[in-house]
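Participant: Okay, so the sequence shown: first residue is 4 according to the numbering used here, each after it adds one.
Note that CB positions come from ideal geometry on N, CA and C, so glycine has one too.
Just so it is clear, the structure is predicted and the values come from calculations on it, not from any experiment.
What follows is a structure written as structure tokens; I'll ask about it next.
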Amino acid sequence: MKKSQKKVNNGLIVMSKGERAGVISLLSVIAFLLAFSVFRPAIRWPKSEQAFHNLDSMIALQEQAAKLEEERIVKDAVVTEPPVAKSTSKEKTTKTTKTTKTTGEHSQATTAPERKAIPILDINKADSLALVALPQIGEVMASRIHRYRERLGGFVSFEQLFEVKGMDSARYATIKPYIVLGDKEIRLLDINRDEFKTLLRHPYLEYDQVKTIVNHRERKGLIKNWEQLQGLLGEVNPLLERYVSY
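As structure tokens, then:
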């Protein structure tokens, strides 16, 4: 018991030589560890650090490879499912284009008759059906022109169209390039022989004028010329001279 107890000298523990060496070694280790912890950022470990970097790179590559694999799977799923839909869409587009072209062709074919050239018509020969081909001339106006021409015995002047009900300068200007006056003979009035109703039918003779003509030829004889007729009738359309015979 006495040998194992430590000696105390003036309040201090007296250690042996071996104990002192052990304490110094322990303190050295502690100092080394403190210095390592303090100066660790300045210490370089090339191989270890490279190993860590390589490990990080491998992990990053694996993650990138996994991500690319996921994207490929998604793309494959998208590509394999809709091809029918895409082709259908293209077919629909093609069909729509063809339909549009066909419709356009049909539309052009349908409207082709409307683009036919306007014929040149002889207004003394064309009937009502032919006159409808003129611009701004409908069935009603064509019928009026035809009936008026029959009452006149034929047109001798383009301006006589203004005498047709409904004809105005705008419509006349539109049809003027497409009408001609042919060489058809004008049907003349026989002032001395035609009946009262035949003379009255002519648009240039009024009831009182026809009565004067009939009374004159019954009482005083035949009318011989235009001057005599004009003297009997007074004011009259000068074109009437083109429609009378004696």
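(1) Between VAL257 and the rest of its own chain, which residues show a CB-CB distance below 7 Å, the 5 nearest in sequence each way excluded?
(2) Which residues share a DSSP beta bridge with VAL183?
(3) I'd like the ranges of any alpha helix (DSSP H) spanning at least 4 consecutive residues and lying wholly in the segment 164-222.
(4) If we call anything under 9 Å between Cβ atoms a contact, is LEU137 one with ALA145?
(5) Leaving out five residues on either side along the sequence, give the residues of the same chain with a beta carbon under 6 Å from the beta carbon of ASP193.
(6) Could you give the residue range of the alpha helix (DSSP H) that holds VAL143?
(7) Roughly how many angstroms separate the alpha carbons of LEU30 and GLN65, rounded to a whole number?
(8) To the nearest angstrom, how far is it from the Cα of LEU232 to the Cα of ALA120?
(9) Where does VAL135 sit, in a helix, a strand or coil, going by DSSP?
(10) For my contact list, ILE126 and ILE182 are in at a C-beta cut-off of 8 Å; report their separation, rounded to the angstrom.
(11) Can you say whether GLY237 is buried or exposed, counting buried as having 16 or more other CB atoms within 10 angstroms of its CB?
(12) Would you mind giving the Cβ-Cβ distance between TYR207 and VAL239, rounded to the nearest angstrom? I have them listed as a contact below 8 Å.
(13) So which of LYS128, GLN139, PHE35 and ALA24 has the shortest CA-CA distance to ASP186?
(14) Helix, strand or coil: how does DSSP classify VAL247 here?
(15) Do the CB positions of VAL143 and GLY169 come within less than 9 Å of each other?
(16) Comparing C-alpha positions only, which one of ARG204, LEU203, ILE140 and ASN195 sits nearest to GLY224?
(17) So what does DSSP say about LYS50, is it helix, strand or coil?
Facilitator: Quick answer:
(1) The question about residue 257 has no answer, for the chain in this structure spans 4 to 249.
(2) Bridge pairing for VAL183: ASP125 [DSSP].
(3) Qualifying alpha helix (DSSP H) stretches, in chain order: 172-178, 199-204 and 210-222.
(4) For LEU137 and ALA145, yes; Cβs fall inside 9 Å.
(5) Once the five neighbours on either side are set aside, the close Cβ partners of ASP193 are SER248.
(6) Here the alpha helix (DSSP H) through VAL143 covers 142-155.
(7) About 47 Å.
(8) ALA120 has its alpha-carbon roughly 46 Å from the corresponding atom of LEU232.
(9) Reduced to three states, the DSSP call for VAL135 is coil.
(10) Indeed, because the Cβ distance is near 5 Å, the residues count as touching under 8 Å.
(11) A residue is called buried once 16 or more other Cβ atoms fall within 10 Å of its Cβ, and GLY237, having fewer, is exposed.
(12) At roughly 7 Å, the Cβ-Cβ gap stays under 8 Å, so TYR207 and VAL239 are in contact.
(13) Nearest of LYS128, GLN139, PHE35 and ALA24 to ASP186, Cα basis: LYS128.
(14) Here VAL247 carries a strand assignment [DSSP, helix/strand/coil].
(15) Taking 9 Å as the Cβ cut-off, VAL143 and GLY169 qualify as a contacting pair.
(16) Among ARG204, LEU203, ILE140 and ASN195, the Cα nearest to that of GLY224 is on ASN195.
(17) For LYS50, the predicted model reports a pLDDT of 48, less than 50, meaning its position is unreliable; a value from the coordinates is still stated below. Annotated three-state conformation of LYS50 is helix, per DSSP.
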